[in-house]
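Note that the numbering used here gives residue 159 to position 162 of the sequence shown, counting from 1, and the numbers run on in steps of one.
Glycine included, each C-beta is placed from N, C-alpha and C at the ideal position.
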Amino acid sequence: MALVYLADRTLGRSPEDRTNHPKRENWARCHREWLRVEGGMLALGVLLSVPLLQWETVGAAAVLGGVGILHLAPVLSRARGLKATGLLKPIAVAGTWALGAVVLPVLEADAPLTLSVVGLAAYRFLFILPNVLLADWGDREGDIAAGLRPWTEGATARGVRWTATALLGLALVGAVGASAVHPRPVLLWVDAVGPLLMLAAVWTADPTRPAHRFGLDLLVGWPVMTALVAWGLG
């Protein structure tokens, strides 16, 4: 997925990005050599890691990576890609990240795909989707100018924020409910801080500003804190 996003953000072939992210486009043009080295290192990492993984994990990762290829379609060809599919695009992106974060480790551990795993994937999806919705809203101007007819064309900023709020509210309700039966509820309480922080960001961040977008992306990585707490508790 890192290779997909590297191509998406640095090849500079998406006309909407020239409006939405002109500074990033300029930086990418000025640092082509660095980007080639980074891409080569990522590709080498894939080649070295594949033999160490179970084939089920590799197969599932390939399927999830296929969604990224669909997202890259406008960069690689004249196709319109996921951006032209309305709300299917944010749902597909958030779903890919949620399944990748939850299902791939379970497959690699050779553990069963239980109802708890499905619930955790749904919880992650509800946490990630608001970020994708806000990012799409931030790209609204360029997407419309490029003729993509995105779902944001008929949406309002207030409506997007309230939709994100409802999704995060469902995630928090799920976390609180699951903590009542979880053997280590403290981990769910720690993890629920992520949706709470995202909820605050939904109403304060400006998704058209790169610094705010970066902050939203960092919040999606909050489960790392949960993993650190789990490691500390042993």
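**Prompt:** Among residues of its own chain, excluding the 5 on either side of L196, which ones have a beta-carbon nearer than 6 angstroms to its beta-carbon?
**Reply:** Mapped onto the sequence shown, residue 196 falls at position 199. Cβ contact annotation for L196 (same chain, cutoff 6 angstroms, sequence separation greater than five): L165, in chain order.
**Asked** Three-state secondary structure (DSSP) at W219?
**Response** In the sequence shown, the residue the question calls residue 219 occupies position 222. Three-state result, W219: coil.
**Asked** Of all the options L145, A91 and V55, which has the alpha carbon lying nearest to the alpha carbon of A119?
**Response** What you label residue 119 is simply residue 122 of the sequence shown in a count that begins at 1. The residue with the shortest Cα to Cα distance from A119 is A91.
**Request:** Throw me the rounded Cβ distance for the A89 and V64 pair, which I believe falls under 8 angstroms.
**Result:** As a working mapping, residue 89 is identified with position 92 in the sequence shown. As a working mapping, residue 64 is identified with position 67 in the sequence shown. About 5 angstroms separates the Cβ atoms of A89 and V64, confirming a contact at the 8 angstroms cut-off.
**Item:** Closest residue to A189 among P220, V55 and L213 (Cα-Cα distance)
**Value:** For this step, residue 189 is matched to residue 192 along the sequence shown. Restricting attention to P220, V55 and L213, the CA atom closest to the CA of A189 is found in P220.
**Beta-carbon contacts of G212 that lie in its chain and below 6 angstroms, excluding the five residues immediately before and after** = Translated into the one-based positions of the sequence shown, residue 212 becomes position 215. Here the set comprises nothing.
**Prompt:** Is there contact here, the segment 174 to 190 with the segment 100 to 107, by at least three beta-carbon pairs under 8 angstroms?
**Reply:** Output reads no: the segment 100 to 107 does not touch the segment 174 to 190.
**Message:** Below 8 angstroms on the Cβ atoms is my contact criterion, and I expect G97 with L61 to pass it. Report the Cβ-Cβ distance as a whole number of Å.
**Reply:** As a working note, residue 97 is residue 100 in the sequence shown. As a working note, residue 61 is residue 64 in the sequence shown. With a Cβ gap of about 5 angstroms, G97 and L61 count as contacting.
**Prompt:** How big is the Cα-Cα spacing for A309 and E138?
**Reply:** A query on residue 309 cannot be resolved here, the shown segment of the chain reaching from -2 to 231 and no further.
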